[in-house]
Every structure is written in structure tokens, then in C-alpha cells.
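Chemist: Under the numbering used here, think of the first position of the sequence shown as 8, with each following residue one higher. Beta carbons: idealized from backbone N, C-alpha and C, even for Gly.
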Amino acid sequence: MTSPVVDAVRFRSVLGHFCTGVAVVTGHDGVAPVGFACQSFAALSLDPPLVLFCPSRTSRTWPVLASAGHFAVNVLGEHQQEVSATFGARGQDKFASVKWTPAPSGSPLLDGALTWIDCSLEAVHEAGDHYVVIGRVTALGEPSDARPLLFHRGRYTVTEPAPDTLASLLTWPRPDDWL
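Shown next as C-alpha cells:
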């Protein structure tokens, strides 16, 4: 059985309709901090606590994170479009304009992020032109009530409160128990 040919531009356009959060994955190689903007981040497991992200095989930052063996995920807020743009660009000192403090692992935690997740590297799987990186959560930041920075159809967007029509349907405790 042969696979149908899927046009890359159409694939990107269709998947762009799926709204994602924006995060910055950071690490430290013992000499300098590194990081990159990431939309492909997700919770994976509650027990054990695992998350995943998907760096490109051409990423220059990923090999540094891999050799460090740990990383932090900084969840960006709506006020951090410039931070996302900085960490999405190549070839500049991404930390020159961003204040940060070290996580328990030493990975940078960006000032102003909504929250953070500190992780040790659990597993890496090859997947097309990316890797699927699984991290074991080792520490968590305090969550903020601010709104997240989102990416939808090739541009930044933010959430707006919607009527809570799910409240009467949910049979599990709140607030964010979608795992």
C-alpha cells in the first residue's frame, strides 16, 4: 500500500488551524544559556510526570540541550511576543535582552513567563524531520493568572473568556484536569 502524497504547504496551512501555546525551551551547557521558541510542547503522562517537545533535526540548540541532560520549558504569556520572536530567530544572543534565573537544574527560567516546568531528559525518538523529546518533570513553577500567548494560522493570538458551558458536563475536579 502506498501513502498518498501530501503537499507540505497545504499540510502546514491545515495544521495551522490548530491553536498552540508558545513556550521557550531552555538549557545551560555550563558555559552559556541556550533556548528556542517551541509550539510543539505537550503534557504526556501524570504517572510518571512526563512532557514532550519536538525540536527540528536542524536545530543548533537541541544538541546542547541533549548533552546537558535537562531542560526547562517556559510557558509564555500574551505580553511576551517579543520574547517568542527573539527565541524563534537564529544566530543572536537570545539572552541579552531577557532576564532569567536558574531552575533547580540550572536551566534558565525566563522572567515574566506564566509558569515553568523543569525536566530531566527521559527519551528521544526520531520522527521525520524532528525528534520527539520526552522529559521527566523534576520541578514546577507557580502558575500565573495572566493569559497565554497562542499561535494560530501563522500569527500570535490570545484567549478571550468564553461562557463556561462545560461546567455541568465535567465529572472530574477542576481547574485544568485535561490529562
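Taking just the CA atoms, how far does Leu57 sit from Phe48?
Modeler: If you number the sequence shown from 1, residue 48 lands on position 41. If you number the sequence shown from 1, residue 57 lands on position 50. Cα-Cα distance, rounded: 11 Å.
Chemist: Who pairs with Gly42 in a beta bridge, going by DSSP?
Modeler: To locate residue 42, count along the sequence shown from 1; it is residue 35. Its beta-bridge partners are Thr33.
Chemist: Ignore the nearest five residues each way along the sequence and tell me which others in Ala75's own chain have a CB closer than 7 Å to its CB.
Modeler: Residue 75 sits at position 68 when you count from the first residue of the sequence shown. Around Ala75: Gly34, His35, Asp36.
Chemist: Between the Cα of Gly42 and those of Ser66, Thr27, Leu51, spot the shortest distance and give me the residue it belongs to.
Modeler: For the purposes of this step, residue 42 is identified with residue 35 of the sequence shown, where counting begins at 1. Nearest of Ser66, Thr27, Leu51 to Gly42, Cα basis: Ser66.
Chemist: For Arg193 and Gln46, what's the separation of their Cα atoms in angstroms?
Modeler: What is shown of the chain runs 8 to 186, which leaves residue 193 out entirely.
Chemist: Enumerated in chain order, which unbroken segments of the beta strand (DSSP E) with a length of 3 residues or greater are wholly contained in the region 78-145?
Modeler: For the region 78-145, whole beta strand (DSSP E) runs of length 3 or above, ordered along the chain, are 107-109, 115-117, 122-134.
Chemist: Mapping DSSP to helix, strand and coil, what is Ala153?
Modeler: Stepping through the sequence shown from its first residue, residue 153 is reached at position 146. It is coil, neither helix nor strand.
Chemist: Nearest to Cys26 by CA position, among Asp14, Val165, Val71, is which residue?
Modeler: Taking the sequence shown and counting its residues from 1, one reaches residue 26 at position 19. Residue Val165 is the option with its Cα nearest to Cys26.
Chemist: Evaluate Ser20 with the Cβ neighbour count: other Cβ atoms within 10 Å of its Cβ, from every protein chain shown; 16 or more gives buried, anything less gives exposed.
Modeler: Here residue 20 is taken as the residue at index 13 of the sequence shown, counted from 1. It counts as exposed.
Chemist: Using beta-carbon positions only, say whether Glu4 and Arg143 come within less than 8 Å of one another.
Modeler: What the structure shows of the chain is the stretch from 8 to 186, and residue 4 is not part of that stretch, so it cannot be assessed.
Chemist: Looking at the secondary structure, which residues open and close the beta strand (DSSP E) in which Arg162 lies?
Modeler: Along the sequence shown, read from residue 1 onward, the residue named residue 162 stands at position 155. Segment 162-164, the beta strand (DSSP E) holding Arg162.
Chemist: Hey, how far is the Cα of Gln13 from the Cα of Leu51?
Modeler: Locating residue 13 in the sequence shown gives position 6, where the first residue counts as 1. Locating residue 51 in the sequence shown gives position 44, where the first residue counts as 1. Going by the sequence as given, residue 13 is Val instead of Gln. Their backbone Cα atoms lie some 27 Å apart in a straight line.
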